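>
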Amino acid sequence: MNKIRQFKSPGEITALLKQAEYISNEDISTAVYIAGLLSKPLLIEGQPGVGKTEFAKSFSRALGLELIRLQCYEGIDDTKAVYEWEYSKQLLYAQLLKGKIDEILGDAADLSSAMDRLKRFNSTFFSEEFIIRRPLLRAISSPEPVVLLIDEVDKSEPSFEALLLEVLSDYQISIPEIGTMKAKSIPFVVLTSNNARDLSDELRRRCIYLYMNMPDSARQMEIVRTKLSTKVSDDFLDMINGMLSLINAQDLKRPPSLSEIIDWSVSIASAGIDREHVSVSSLGSLLKDESDQQKAFNALWKPQNR
Ligand SMILES: Nc1ncnc2c1ncn2[C@@H]1O[C@H](COP(=O)(O)OP(=O)(O)O)[C@@H](O)[C@H]1O
Ligand SMILES: [Mg+2]
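So, in structure tokens, the structure goes:
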């Protein structure tokens, strides 16, 4: 059975992620290292926008592996997560084979012997041929290891977690009509949660746990540097960082998220705006509230802050 290649050290993971434009830190890389070492899923919890989903995407790119994503939502069930029978195809095949089926059933003495003969078709019509593979089954069936992202698991109902447990502890899926399907290669599983509800102890026990914090300002600026297509100077990043710390010191209704910080930095860099020319409208990509924009603008223009 193929395994995800084991890493020499957390440092190797940091370097690989950097090549995929993901700025890691020691906590993240160590958790990934341990998850790889023990072939266990990695459960990442944290506020929205701190880089949970991006980690899984970048990790798959860094390793050159396919990313299979299961986006969770309220009401998600096994037909959307694991597999579903392809009824329309079953029906079509049954219609096309009608002559053959009539032939087999035609001389049955009574209804119950016709039923007995019909049951012989079960394994034909309930076989892998008629299965629609959803993300969990696709991840298990892949001959090559994949990165399986089970995103925002806290949005699903608690009953959905029970379904995940079999997959996550044994890397296998039972389909009553077919049997147990074992993983051809163990996927690297990443579960994320924004903490909308508490996840079960059983699920937590099976995972390596990482709480992801909002990157500190040094890591934020490194992220901004990688996201800007043109090379930026340290002075530019110092200017952005300085403005952000002033802005964040205000009592904001909606402090900017990382995505907003990136968008804002990109817009400031490409418009060539410097500290002297920041207007309220140029804050539109950073702050999405009128009073927050005013507070930020006033802080930037206050004489003692200039
Ligand atoms: N460590 C990081 N390195 C590079 N980009 C990052 C990093 N963390 C977050 N980002 C950027 O921030 C954005 C938001 O991150 P995302 O993974 O969607 O957050 P979450 O899934 O935690 O809500 C991403 O689109 C990505 O561009
Ligand atoms: Mg996300």
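Mapped onto the working numbering, the consecutive letters of the sequence shown carry residue numbers 18 to 323. Just so you know, even glycine gets a beta-carbon here, dropped at the ideal spot from N, CA and C. Predicted model, so just to flag it, every value in this text is computed and none were measured.
Residue range of the alpha helix (DSSP H) that T96 falls in?
Residue numbering aside, residue 96 sits at position 79 when the sequence shown is read from its first letter. D95 to A98 is the span of the alpha helix (DSSP H), which, as asked, contains T96.
> Pairing CB atoms from the segment 220-229 with CB atoms from the segment 37-57, are three or more of them under 8 Å?
Yes, since at least three Cβ pairs between the segment 220-229 and the segment 37-57 fall closer than 8 Å, the two stretches touch.
> Going straight from the alpha carbon of K20 to that of S246, what length do you get?
On the sequence shown, position 3 is the one that residue 20 refers to. On the sequence shown, position 229 is the one that residue 246 refers to. Only weak support exists for where K20 lies, its pLDDT of 49 falling under 50; the value from the coordinates is given anyway. Roughly 35 Å between the two C-alpha positions.
> Which of the three DSSP states, helix, strand or coil, is assigned to F205?
Counting from 1 along the sequence shown, the entry for residue 205 is found at position 188. The answer is strand: DSSP assigns F205 an E or B state.
> Sorted by chain position, which residues of the same chain lie with C-beta nearer than 8 Å to M256's C-beta, five sequence neighbours on each side aside?
Counting from one through the sequence shown, the residue named residue 256 turns up at place 239. Excluding sequence neighbours, M256 sits near D291 and R292.
> Is any heavy atom in ligand 1 found nearer than 7 Å to the beta carbon of E293?
Working through the sequence shown from its first residue, we reach residue 293 at position 276. No, the Cβ of E293 stays beyond 7 Å of every heavy atom of ligand 1.
> When DSSP labels each residue in this structure, what does S191 get in the three-state scheme?
As a working note, residue 191 is residue 174 in the sequence shown. DSSP places S191 in strand when its eight states are reduced to three.
> Quick check on DSSP: helix, strand or coil for M229?
For this step, residue 229 is matched to residue 212 along the sequence shown. Looking at M229 - three-state DSSP - the assignment turns out to be coil, as it is neither helix nor strand.
> Taking Cβ positions only, does K201 come closer than 8 Å to chain D?
Included in the structure is just one protein chain, with no chain D present.
> Pick out whichever of D124, D218 and E194 has its Cα sitting closest to the Cα of F5.
The structure shown does not extend to residue 5, since the chain is modelled only from 18 through 323, so no value can be given for it.
> Does the segment 307-317 come close enough to the segment 275-290 that 3 or more CB-CB pairs lie under 8 Å?
With the cut-off at 8 Å, the segment 275-290 and the segment 307-317 do not touch.
> Output the boundary residues of the beta strand (DSSP E) element that contains E62.
Mapped onto the sequence shown, residue 62 falls at position 45. Note, E62: beta strand (DSSP E), L59 to E62.
> In its own chain, which residues sit with a C-beta less than 8 Å from the C-beta of E103, not counting the 5 before and 5 after it?
Counting from 1 along the sequence shown, the entry for residue 103 is found at position 86. Here the set comprises F147, I148 and I149.
> Taking the alpha helix (DSSP H) that G116 belongs to, which residues open and close that run?
Start at 1 with the first residue of the sequence shown, and residue 116 comes out as number 99. Taken as a continuous stretch (DSSP letters only), the alpha helix (DSSP H) holding G116 covers K115 to G123.
> Quick one, which of I157, D119 and P204 has its alpha-carbon nearest A100's?
Counting from one through the sequence shown, the residue named residue 100 turns up at place 83. With the sequence shown as reference, residue 100 is identified as Tyr, and Ala is not the correct amino acid for it. Of the listed residues, the one whose Cα sits closest to Y100 is I157.
> Between K74 and ligand 2, is there a pair consisting of the residue's CB and a ligand heavy atom that are separated by less than 7 Å?
Along the sequence shown, read from residue 1 onward, the residue named residue 74 stands at position 57. False, no ligand heavy atom lies under 7 Å from that Cβ.
> Hey, is V163 close to ligand 1, as in C-beta under 7 Å from one of its heavy atoms?
If you number the sequence shown from 1, residue 163 lands on position 146. Flag unset: Cβ of V163 not near ligand 1.
> To which residues does DSSP link Q112 through a beta bridge?
Stepping through the sequence shown from its first residue, residue 112 is reached at position 95. None; Q112 has no bridge partner.
> Identify, in the order they occur along the chain, each residue of the same chain with its Cβ nearer than 8 Å to the Cβ of N42, setting aside the five sequence neighbours on each side.
Your numbering for residue 42 matches position 25 in the sequence shown. Excluding residues within five positions, the ones whose Cβ falls inside 8 Å are T31, P232 and R236.
> For I167, which of Q88, S276, T197 and E83 has the nearest alpha-carbon?
Taking the sequence shown and counting its residues from 1, one reaches residue 167 at position 150. It is Q88.
> Taking 7 Å as the cut-off, is the CB of G28 close to at least one heavy atom of ligand 1?
Locating residue 28 in the sequence shown gives position 11, counting from the first residue. It does not: the Cβ of G28 is nowhere closer than 7 Å to a heavy atom of ligand 1.
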